[in-house]
Amino acid sequence: MDLDELDQLDPVEAVDLSTEERPFGIVVYGATGYTGCLMTEHLDALLSQPGATPMKWAIAGRDLTKLRRIARRCKTKPEVMQVKEPVQVSSMAGQARCVVAAAGPYSVCGEDVIMQCVNQVTHYIDVSGEVVWIHSMIQKYHEKAKERGVMIVHCAGAVCAPDELICYLLVKKLGPLKQFREYFLQFGAMSGGTFNTSIASMAMMTREALQIQNDPFALGGDRDCGLREVDQDCIQADPDPLFPGIFLMPAYNSIPGSRIVRRSCKLFEDLPSEGVAYGKGFSVTIRDCHLNKKAAEAKVAESAPVPSVEAAKATADAMRIMQDRGEQPRPGEGPPPETREIYSTEVYGVAEAESGEWAHVHYSSGEAYEVTAMACIAGAMVLVEELSLVKPKERGGIITPAFAFHGSTWIDRMTQTSFACKGGSSKIIVEVKDGKPEPGEILQAVKERNKKSLAGMGRVMGGELKNWTEPALTM
1 MDLDELDQLD
11 PVEAVDLSTE
21 ERPFGIVVYG
31 ATGYTGCLMT
41 EHLDALLSQP
51 GATPMKWAIA
61 GRDLTKLRRI
71 ARRCKTKPEV
81 MQVKEPVQVS
91 SMAGQARCVV
101 AAAGPYSVCG
111 EDVIMQCVNQ
121 VTHYIDVSGE
131 VVWIHSMIQK
141 YHEKAKERGV
151 MIVHCAGAVC
161 APDELICYLL
171 VKKLGPLKQF
181 REYFLQFGAM
191 SGGTFNTSIA
201 SMAMMTREAL
211 QIQNDPFALG
221 GDRDCGLREV
231 DQDCIQADPD
241 PLFPGIFLMP
251 AYNSIPGSRI
261 VRRSCKLFED
271 LPSEGVAYGK
281 GFSVTIRDCH
291 LNKKAAEAKV
301 AESAPVPSVE
311 AAKATADAMR
321 IMQDRGEQPR
331 PGEGPPPETR
341 EIYSTEVYGV
351 AEAESGEWAH
361 VHYSSGEAYE
371 VTAMACIAGA
381 MVLVEELSLV
391 KPKERGGIIT
401 PAFAFHGSTW
411 IDRMTQTSFA
421 CKGGSSKIIV
431 EVKDGKPEPG
441 EILQAVKERN
451 KKSLAGMGRV
461 MGGELKNWTE
471 PALTM
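Just so we're aligned, residue 1 is where the sequence shown starts under full-length UniProt numbering, counting upward by one.
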């Protein structure tokens with residue numbers, strides 16, 4: 001879409017369309033996909049709890065048969081909306097207070113939804129981690145969404161939500177920061193949708209897109225001091241400067257997570273009346289880590305930023321071959337419930353304030369796609385039920401979870417219940433503590449993650465657990 005196509009947007013309405021009565025509070029778009037199914041399952045469970053505030057909601061997507069099958073299995077019986085054509089996207093946006101966008105790759109099928117949500121003053125939330133696409137959405141729609149008081153919230157899933165809430169909580173505790181360092185330890189698997197998004201990102205790479213992807217400040221937040229070494233992405237297995245014995249390597253969320261946190265910094269700076277300042281010299285470092293330097297070097301070689309357009313295209317071709325051979329999941333597939341039980345995430349966020357004071361957050365959760373459903377649906381509920389707290393007229397635009405949900409119950413909603421209210425290890429636990437972690441605490445966490453990964457992969461490779469299946473709601 002060219003910038004000239006913004007003329008398709010209707011003139012700003014004199015009335016506040018975001019508060020008008022609409023048939024549905026939330027519409028989950030892409031509900032038949034793996035992540036969309038988990039979102040649907042979680043929202044249905046929340047709305048069916050005793051004392052829950054009633055809400056009419058709907059699920060939307062292309063496959064009407066699958067949608068009806070999913071709806072029949074939900075306790076709260078959502079409506080079904082088939083959405084295949086642009087006119088149907090428009091109709092969907094006009095009937096919802098908030099659209100939860102789970103259909104991807106967003107770079108392929110996400111823009112029309114955003115355009116219609118801005119056009120019809122419908123709040124929007126997604127779980128994208130596609131930096132180049134988000135950069136494009138900012139350029140095209142931020143000012144119009146801001147003018148209309150529409151909250152377009154990107155990256156509210158497991159890729160960035162933990163980074164956002166951890167850094168935000170540390171800023172709230174310490175005030176302006178010198179540095180935020182995150183040690184991200186995860187054991188998990190990829191869904192077919194995520195794998196397809198990676199293929200699309202590589203296949204669509206251009207020289208301009210590569211520059212955006214590799215720009216630490218592609219989504220904003222650059223500092224007056226200019227680009228520093230600490231701002232750069234991970235390209236070598238350096239020893240950690242705070243915790244001896246740890247070697248740093250890229251985390252799967254290093255690039256999107258750092259960009260989104262920096263955008264939160266910028267958005268709060270642009271609205272100083274909110275009283276949240278990340279710091280004039282604020283820096284962000286998000287890394288996975290290993291105790292063995294050679295293992296860290298291998299991960300750097302595997303996960304380092306793509307060096308060229310040609311390398312990106314070759315990567316996309318290789319990934320397609322892997323998927324065709326059945327070595328990777330197809331769209332709609334992902335880890336089944338019994339396999340998700342062995343997956344987990346542990347994060348240490350460590351911050352130094354401008355005052356010299358230190359604090360840290362210890363975050364732990366279950367499987368990443370369950371976290372994605374919990375974080376995104378919590379955000380959607382806030383956008384429907386807490387507009388007076390999130391103030392879309394002041395904070396509208398193409399925004400981040402931390403900025404969008406400042407002053408709301410987003411974090412409380414995420415952490416107060418487990419995935420689909422089932423109990424067990426899928427609950428998100430967040431602890432804010434004074435000072436740095438105890439010596440050896442992160443080292444021990446790395447050891448435990450590695451041990452758990454080896455044991456879990458043994459069960460998968462041995463055939464005890466399946467790598468991926470279709471979600472239960474669609475079968």
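Note that the Cβ used here is the ideal one computed from N, Cα and C, for glycine as well.
Just so it is clear, the structure is predicted and the values come from calculations on it, not from any experiment.
- By the Cβ criterion, the segment 203-216 is not in contact with the segment 342-353, since fewer than three pairs of Cβ atoms, one from each stretch, lie closer than 8 Å.
- Secondary structure of proline 23 (DSSP, three-state): coil.
- Glycine 192 is a Cβ neighbour of arginine 330, given a cutoff of 8 Å.
- The residue from Gly157, Ile166 and Ala314 with its alpha-carbon nearest to that of glutamine 179 is Ile166.
- Taking each of Ser408, Leu389 and Gly397 in turn and checking the Cα distance to lysine 140, the smallest one comes out for Gly397.
- Put simply, the backbone Cα of glycine 435 is about 34 Å away from that of glutamine 213.
- Between the alpha carbons of threonine 53 and glutamate 431 lies a gap of roughly 28 Å.
- The beta-carbon distance between threonine 474 and proline 336, rounded to whole angstroms, is 12 Å. This is too long to meet the 8 Å contact definition.
- One alpha carbon belongs to valine 230, the other to serine 258, and they sit about 11 Å apart.
- Nearest C-alpha to methionine 81 among Arg62, Gln416 and Arg97: Arg62.
- The C-alpha of valine 150 lies about 11 Å from the C-alpha of glutamine 116.
- Inter-segment contact for the segment 238-252 and the segment 289-298 is present: three or more beta-carbon pairs are separated by less than 8 Å.
- Between glutamate 21 and lysine 56, the alpha-carbon positions lie close to 12 Å from each other.
- For a cut-off of 8 Å, the C-beta gap from alanine 455 to leucine 185 is around 15 Å, too long to register as a contact.
- In the three-state reduction of the DSSP assignment, alanine 353 falls in the strand class, which pools E and B.
- Comparing alpha-carbon positions, the option among Pro392, Ala102 and Pro176 lying closest to glycine 356 turns out to be Pro176.
- Threonine 32 sits away from lysine 84, with the two beta carbons spaced by 8 Å or more.
- Isoleucine 260 places its beta carbon less than 8 Å from that of cysteine 160.
- Pairwise C-beta distances place the segment 98-117 in contact with the segment 132-139, as three or more of them are shorter than 8 Å.
- Going by beta carbons, alanine 402 and leucine 174 fall outside the 8 Å limit.
- DSSP places tryptophan 133 inside the alpha helix (DSSP H), whose first and last residues are 131-148.
- Counting only runs of 3+ residues, the beta strand (DSSP E) found wholly inside the segment 371-458 occupies 397-399 and 429-434, in chain order.
- Counted as a single uninterrupted DSSP element, the alpha helix (DSSP H) harbouring methionine 115 occupies residues 111-119.
- Exposed is the label assigned to cysteine 225, since fewer than 16 other Cβ atoms lie within 10 Å of its Cβ.
- By alpha-carbon distance to glycine 279, the top candidate from Thr197, Arg223, Lys427 and Val87 is Arg223.
- Here arginine 97 carries a strand assignment [DSSP, helix/strand/coil].
- Setting aside the 5 residues that flank it on each side, glycine 332 is surrounded in the same chain by Thr32, Gly33, Tyr34, Gly192, Gly193, Glu470, Pro471 and Thr474, each with a C-beta closer than 8 Å to its C-beta; the list follows chain order.
- Unbroken alpha helix (DSSP H) runs of no fewer than 4 residues, entirely contained in the segment 148-200, are found at 161-174, following chain order.
- The Cβ atoms of cysteine 98 and glycine 25 lie closer than 8 Å to each other.
- Secondary structure note for valine 284: its beta strand (DSSP E) is the uninterrupted segment 283-290.
- Sixteen is the threshold: when 16 or more other Cβ atoms of the shown chains lie within 10 Å of the Cβ of aspartate 163, as they do, the residue is buried.
- In the three-state DSSP reduction, leucine 267 falls in the helix class (H, G or I).
- Boundaries for proline 105: no beta strand (DSSP E) harbours it, and the DSSP string shows neither H nor E there.
- 8 Å or more divides the Cβ of proline 439 from the Cβ of histidine 360.
- Fewer than three Cβ pairs drawn from the segment 370-383 and the segment 227-243 lie within less than 8 Å of each other, which leaves the two stretches out of contact.
- Shown here for arginine 148: same chain residues with a beta carbon closer than 7 Å to its own, the five before and five after excluded, namely Val12, Val118, Val121 and Gly396 in chain order.
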